[in-house]
Structure formats: structure tokens, C-alpha cells
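Trainee: Have a look at the structure that comes next, please.
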Amino acid sequence: MATFESLQWLSRFLKETPGDPEVGGKSRQVPNACWSRVHPSPPPSPQLQMWSKEMGSKLGLERPDGRVLGGGTTTPGMDPYAQRYGGHQFGSWANQLGDGRAITLGEVQLADEVVELQLKGAGHTPYSRFADGKAVLRSSLREFLCSEAMHHLGVPTTRALSLVTTGEQVVRDILYNGNPAPEAGAVVCRVAPSFLRFGSYQIHAVNGDVETLSGLVSHTLKNHFPNHTAADDSGRIAWLTHVAKQTAEMISHWMRVGFVHGVMNTDNMSIHGLTIDYGPYGWLEDYNPGWTPNTTDAGRSRYCYGQQPQIGAWNVARLLEAMVPMMDEPELLHGVLEAYTSTFEQLHNTMWTNKLGLGPWKDEDEALIRDLNALLQRVETDMTIFFRLLCSIERPSVEHLEDAFYEPSTIPRNEWNEWLLRWWERADQSPDRTTMLQNNPKYVLRNWMAQVAIDAADNGDFSVAEELHVLLKSPYSEQPEFEASWFQKRPEWARHRVGCSMLSCSS
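Residue numbers for the sequence shown follow my numbering, so the first one is 4 and each next one is one higher.
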């Protein structure tokens, strides 16, 4: 097994794109650059608490102590930096943002790919603005568990390698309401091909720095999309179409499992079509397409569950705008947005026929699915449990689905039985249960589940987090030993609990 010192470290991003001549330093504007070198802030008492054996094996690493992964030290070959990018936040251009609490240790050459290792919560960078660059245990545990859970759900995502508690207290105002309080500090090490975002390209286009934009695009295609070229318009369009389709695929998976990202700003959109930056995310408990877990977005619900496909298109359009300076014929970019829309529509239709076990899509399915969506919103209905129970229904009767409803006495039984009969007949009285079970998970990381793990971890007990880590590696399996604890509707105590129904961008 390898050690951090023996890994084959690369610095392609630093060597191939322009950077900040100053190392570290105070928060500031960094024009005409893609990155700034920084040093992690050594924590007082780093302790490795969570470790992904899967990612460790992928890297060839045995479980280490918490020094390197907590930001306490670097090893030869590492060249830490923070990335500079911009972004649209809640629909408005925010200009320079950047890695305010993320520090990349470097890239690692593996047998068949290169991955980037990044510490989240390891200290101040030039892009931290008024913050300290630290992270708390609450948000770190949520990111560790969710990124690994999403991978096993089949959702494109960054991965997590480790979680290290730092032994220090970090002050946070969890709901931004003037009540700051100290919390345990922690650092997550996350892994991806890169952490390039739509905003990585936007910042240079908006600032008129076409030279840096062109250089970044060249680096991106050379290292991450080697089958594409930026030599001419057709090459650029082919690459951007690939990015758009990957984004559509990612969001179609979000919709399939009931995941709500919560903060789909363009700086949180991966150029690889990966789910990144797990903050105020959540899974639908009640099937409410208008629900968002993000308190900052509560008034507008811009990033609610039902809006995610449209926001994906909006974000792709902003990326395309950033590419206008590189195009000889910018009007060709319209075709990329059309590719996103058509790809998502196709994937979305397939998603529904898979969830319902119907086989190939038929035009008549549109009305069936529309009516299903309306019924699911009539009374409080648990999305995950409903679709999982539907996988094993023996006859078209809502009686088998009662455990999915929060108040069985309110079930519109006649309407449900009518719909179930339509579905049953459409499936020729034999829905494809194998496909249904592969597309309707039994276990997802509900916010209340994460909160139970956080409450225990705050008292030094990571056994609940470890149990969830094991459970969520097999989300489509029955795992009867976990049913009583985790195959359950949201408990009443979690309905209005901070961290369950209410989350902020600090989450």
C-alpha cells in the first residue's frame, strides 16, 4: 500500500494555467489568474474519524492518521492551491468567488486516471472574503456521508476519502439570524477528476480576459476531455454539447431519487457533470416539488426540487455565454442548449418508465405520469417509501402502499385505486420489478438520518455515522436488519428541526 509521499503527484493545473504570484495572504481580488498557492492551517488536534475504504483502496492508501488529511502537514509532491472562479448566485452575477474554504493538495496519477484531492475546511485562502476558511463537523459529516451515498445510488458525484475532526471550535451562525455559536471543527477530503466549475470559465469571460479563458479551455480539453478539441467552432460545440448532456444526466438522477441540491449556483456546477458542494441539500420526504431545503431560498424557491431541470438549462446557458468570446459563430451555441433540453426530456421519460416498470416509453405514459404526480401531492406522501413499496405490489390496490402516507385516513383511496388500475393495465399486469428495484432505492440519506448521526458525533460517538456509511453502500438492497431504524418516514421531531427541515448555506 502507498503512503502520501509515495503517490505520483502532478501539478497540471498549476503548470498549464496562469496563477497568482503571491502565496496565501489576505482576502483580495486576484485578476487574470486561475489559482493561488496556499498553505493549509494546521489544526491543534487532528483525529481521523471517518475513512472510505473504497476510495482508500482506489488510491492505494491504508488508513492514515489525521495529520495530512486534517491540513496539519503536506508531503513532498503536493503543491496546495485554491481555485479562483466566479458565478451566478441565486440568479445574480457575484463576480469573483473562488475556493473560500477548499484547498487542493494536488492531483494524483493512478493506473487509469488522474484524481484531485481537496481538503474542505482547511483554512483561509485569498477567496475566503470575510470568513475563516474552516468547516464544522455538522456540515463535514453531511458531505462525507452524502457524497458516498450518492455514488452508490448511481448518481454522478464527487467522492469522499476522509473526515478529520480538528480539535478546535469554529463559530458559525447556522441560520444567519444573529445567533452565532461555537461548533466542533472538521475537514473532509473530497476526490474528483477536477473541481472545475461553470464559474471557472465565467469569471474570465465576464472580466474580458479572453487569453486566460482560452488557456483554461485548452487545459480542460487536453486533460479532461481528450477526445474533444477547441481548434474550431465545431470542436468547441461538440465539447460543450458533451458537458450539457452530462449535466442533464446528473439532474435526471437527482429527480429519480428525490434529491434536492439546494444551491444550484453556477459556481456549484461541475464541468464534469458531477454533484459537487454538498451544502443545504435534502431528499424529498413529503412529495412536494416546490420544496427546497435552503432557508436562504425559502422565499423564492428558485432551487426547489421541481425547478432543478430548468435551472440546469439556465446554468448551461450561462456557461455558453462565457464561451462566446471563443466562437467564430456564436449563434451555433443555441444548439447546445437544445441538446440539453432534448437529452433531459428523453432521460426523464426513461426515468419514469423505469421507476414504474413500464418498459419502453409510450406517448400515453405522459398522462399517466402527470396524474401520478398530482396524486402524490394530494396528501403528505413519502416519495422513497411509496416507490419502493410499489415495486412489490401484488394487485392494483392502495392498501399495499399505506405505509407511504403520513396520515392514512386522508388517502384519496378511490382516486389511487383508479390510477393503480391504469398503471397495472399499462404494465400488462406484470410490471418489470427488477428494473423498478434498480431505480427506486430503499434507503437514502434523509436529513433526519444525517442529524441523528451528527447528534451522536457531537458527543464523540461516530457509530451511527459508520452504520449509515455501511447502509448507504447498498441502497437498493433490502437490508432487513436496518429496516426498523432507517426505512421510515420522517419522525415528527424532525418536521421543523434545524438541520432536518431548515438548512442554510453553512450546512
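Every residue gets a Cβ at the ideal spot worked out from N, C-alpha and C, and that includes glycine. Since the model is a prediction, treat every value here as computed from it, not as a measurement.
#1: When the distance is taken between beta carbons, is D102 closer than 8 angstroms to Q86?
#2: Which first and last residues belong to the alpha helix (DSSP H) in which E486 is found?
#3: From the DSSP secondary-structure annotation, give me the bridge partner or partners of M272.
#4: In chain order, what are the residue ranges of uninterrupted beta strand (DSSP E) at least 3 long that sit wholly in the segment 146 to 202?
#5: Which one of S504, A342, S273 and V117 has the shortest CA to CA distance from Y204?
#6: Looking at the structure shown, is D289 part of a helix, part of a strand, or coil, going by DSSP?
#7: Could you check which residue in E367, N417, T437 and E421 has the C-alpha nearest to that of S395?
#8: What span of residues does the beta strand (DSSP E) with M53 cover, start to end?
#9: Would a C-beta distance cut-off of 8 angstroms place K248 and R193 closer than the cut-off?
#10: If distances are taken between C-alpha atoms only, which option among L13, R132 and G170 comes closest to G69?
#11: Please go through the segment 23 to 111 and give each complete alpha helix (DSSP H) segment of 4 or more residues, from N-terminal end onward.
#12: List the whole-angstrom C-beta distance separating G80 from G59, where the pair is believed to meet the contact cut-off of C-beta under 8 angstroms.
#13: Is DSSP giving N462 helix, strand or coil here?
#14: Please classify R31 as buried or exposed, where buried requires at least 16 other C-beta atoms within 10 Å of its C-beta.
#15: Considering just the uninterrupted stretch of the alpha helix (DSSP H) at L440, what are its terminal residues?
#16: Just curious, the alpha helix (DSSP H) that E252 is in, first and last residue?
#17: Could you give the residue range of the alpha helix (DSSP H) that holds V266?
#18: Leaving out the 5 sequence neighbours to the left and right, which residues in its chain are closer than 8 angstroms to C307 when beta-carbon positions are compared?
#19: Does DSSP put A430 in a helix, in a strand, or in coil?
#20: Evaluate contact between the segment 252 to 272 and the segment 155 to 162, counting only Cβ atoms and requiring at least three cross-stretch pairs below 8 angstroms.
#21: Identify whether F389 lies in helix, strand or coil by the three-state DSSP scheme.
#22: Does the Cβ-Cβ distance between N420 and S433 come in under 8 angstroms?
#23: For A134, name the three-state secondary structure that DSSP assigns.
#24: So who's on the other strand from E119, going by DSSP bridges?
#25: Can you tell me whether F16 is helix, strand or coil according to DSSP?
#26: Return the residue from the list S143, E119 and Q482 that minimises the CA-CA distance to P283.
#27: Pick out whichever of F7, N226, P34 and K445 has its Cα sitting closest to the Cα of L120.
#28: Starting from the N-terminal side, write out each stretch of the alpha helix (DSSP H) that is 4 residues or longer and does not extend beyond the segment 329 to 413.
#29: Pull up the CB-CB distance for F16 and H222, whole angstroms please, since I reckon it's below 8 angstroms.
#30: For D368, is the classification buried or exposed, using 16 other Cβ atoms within 10 angstroms of its Cβ as the cut-off for buried?
#31: Cα-Cα, which of L448, N318 and F408 is closest to S95?
#32: Output yes if chain C places a C-beta closer than 8 angstroms to the C-beta of S412; else output no.
#33: So, is W54 buried or exposed, given that buried needs 16 or more other C-beta atoms within 10 angstroms?
#34: Alpha helix (DSSP H) containing G218: first to last residue?
#35: Return yes when the Cβ of P129 is within less than 8 angstroms of the Cβ of S39, no when it is not.
#36: Among the residues of its own chain, which have a CB less than 6 angstroms from the CB of D331, if the five just before and after it don't count?
Mentor: According to the structure data:
#1: Yes, they are a contact pair.
#2: Element bounds for E486: E486 to W489.
#3: Paired residues: T278.
#4: Runs of the beta strand (DSSP E) inside the segment 146 to 202: 162 to 175 and 184 to 195.
#5: When S504, A342, S273 and V117 are compared, the shortest CA-CA separation from Y204 is found for S273.
#6: Shown here, D289 sits in a strand according to DSSP, grouped into three states.
#7: For S395, the nearest C-alpha among the options comes from T437.
#8: That run of the beta strand (DSSP E) goes Q50 to W54.
#9: R193 is positioned such that its CB atom lies no closer than 8 angstroms to that of K248.
#10: Considering only alpha carbons, the answer is G170.
#11: Secondary structure within the segment 23 to 111: the alpha helix (DSSP H) runs of 4 or more consecutive residues, fully enclosed, are 56 to 62 (chain order).
#12: Taking the Cβ atoms as the reference, G80 lies roughly 18 angstroms from G59, outside the contact range of under 8 angstroms.
#13: It is coil, neither helix nor strand.
#14: So R31 ends up on the exposed side.
#15: From DSSP, the alpha helix (DSSP H) with L440 extends over R436 to N442.
#16: DSSP places E252 in the uninterrupted alpha helix (DSSP H) bounded by D236 to V260.
#17: Unbroken run through V266: none, as it is neither H nor E.
#18: The residues are V263, P292, G293, W294, T295 and D300.
#19: A430 falls in the coil class under three-state DSSP.
#20: Contact annotation: the segment 252 to 272 touches the segment 155 to 162, with at least three C-beta pairs closer than 8 angstroms.
#21: Look at F389 here: in three-state DSSP terms it is helix.
#22: No.
#23: The three-state reading of DSSP puts A134 in coil, since its state is none of H, G, I, E or B.
#24: Its beta-bridge partners are E110 and A195.
#25: F16 carries a helical assignment under DSSP once its states are collapsed to helix, strand and coil.
#26: For P283, the nearest C-alpha among the options comes from S143.
#27: Looking at the Cα atoms, F7 is the closest of the given residues.
#28: The alpha helix (DSSP H) runs of length 4 or more contained entirely in the segment 329 to 413 are, from start to end of the chain, 337 to 359, 368 to 379 and 386 to 393.
#29: At roughly 7 angstroms, the Cβ-Cβ gap stays under 8 angstroms, so F16 and H222 are in contact.
#30: That one is buried.
#31: Selected option, being the one with the closest Cα: N318.
#32: Considering every chain present, this structure includes no chain C. It has just one protein chain.
#33: W54 is buried by the Cβ-count criterion.
#34: Per DSSP, G218 belongs to the alpha helix (DSSP H) from V213 to H227.
#35: With respect to the 8 angstroms criterion, S39 and P129 are classified as neighbours on the basis of their beta carbons.
#36: Contacts found: D236.
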